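Please read the structure below before turning to the comments.
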Amino acid sequence: MAAGIDDYRRKCWDAALHAYGTSYIFQKRAASLKRKTDMLTWVGLAVPILTGALVGTFGGYKLWGAAIIAGSVVAALQLVFSLWSVIRRWPEELSYSSASATANESLASRFAALGEDPPTALQALRIQFQKLDVEDAARRDRDNEKNVTEKERRMGMRAALRKFQRQCATCRQTPATMEPSDCGVCGKF
Numbered sequence: 023m024a025a026g027i028d029d030y031r032r033k034c035w036d037a038a039l040h041a042y043g044t045s046y047i048f049q050k051r052a053a054s055l056k057r058k059t060d061m062l063t064w065v066g067l068a069v070p071i072l073t074g075a076l077v078g079t080f081g082g083y084k085l086w087g088a089a090i091i092a093g094s095v096v097a098a099l100q101l102v103f104s105l106w107s108v109i110r111r112w113p114e115e116l117s118y119s120s121a122s123a124t125a126n127e128s129l130a131s132r133f134a135a136l137g138e139d140p141p142t143a144l145q146a147l148r149i150q151f152q153k154l155d156v157e158d159a160a161r162r163d164r165d166n167e168k169n170v171t172e173k174e175r176r177m178g179m180r181a182a183l184r185k186f187q188r189q190c191a192t193c194r195q196t197p198a199t200m201e202p203s204d205c206g207v208c209g210k211f
């Protein structure tokens, strides 16, 4: 039996839900990575500037040796974390996460708009849905390479259910907050 307009509307809303959830996941990743890279940058600049300012201000200060040792320890730690950020590719992951969050949010909006106000002709709806579905599948393929965890998926599901005011299929609750519940679908994150 061929799918009707209501079937496509349901598919649009389901796709909007999943795309928004994925957008939320990558927004959270991007925010975390941004904080980490900003902190590394700040420490990487603050320690040498502070050291130079102290030398310029106090010159032969009697506790200068202790300040140099403390600055050296902080600089060594910063170097280790900078190396870790390069190995873990934080800058590239930040860029990818930001782009994915934006692309998924756009997909969610377009799916929701199509689900809310579909064309009256089934063929036109089918074509519009298929175009979005191809774009969504390509985005999902790229996102799946980024090792999204089950915990993140549950968090994304809760965010999407909250955004679109839908009930969870398992616990039958419509989330009002992002506080995790005991549900295995929209909680436990």
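23 is the number of the first residue of the sequence shown in our numbering; add one for each residue after it.
We put the beta carbon where it would ideally sit given N, CA and C, even for glycine.
Since the structure is predicted, the reported quantities are computational estimates derived from the model, not experimental observations.
Beta-carbon gap between residue i and residue j smaller than 8 angstroms
i           : j           : result
residue 133 : residue 38  : yes
residue 209 : residue 176 : yes
residue 112 : residue 171 : no
residue 34  : residue 151 : yes
residue 43  : residue 159 : no
residue 13  : residue 41  : Because the chain in this structure spans residues 23 to 211, residue 13 falls outside the shown range and cannot be described.
residue 96  : residue 69  : yes
residue 211 : residue 153 : no
Cβ-based burial, residue i [other Cβ within 10 Å; buried from 16]
i           : result
residue 197 : buried
residue 140 : buried
residue 119 : buried
residue 180 : buried
residue 129 : buried
residue 116 : buried
residue 164 : exposed
residue 88  : exposed
residue 123 : buried
N- and C-terminal bounds of the alpha helix (DSSP H) containing residue i
i           : result
residue 173 : 172-186
residue 164 : 144-166
residue 211 : It is not in any alpha helix (DSSP H) - residue 211 carries neither H nor E in the DSSP assignment.
residue 113 : 112-138
Local conformation of residue i per DSSP, three classes
i           : result
residue 85  : coil
residue 70  : helix
residue 32  : helix
residue 203 : coil
residue 43  : helix
residue 57  : helix
residue 37  : helix
residue 98  : helix
residue 26  : coil
residue 194 : coil
residue 189 : coil
Review point. Any chance the stretch 141-156 sits against the stretch 56-64, with 3 or more Cβ pairs inside 8 angstroms?
Key: no
Looking at C-beta atoms only, is the number of pairs between the stretch 39-57 and the stretch 160-178 that lie closer than 8 angstroms three or more? yes
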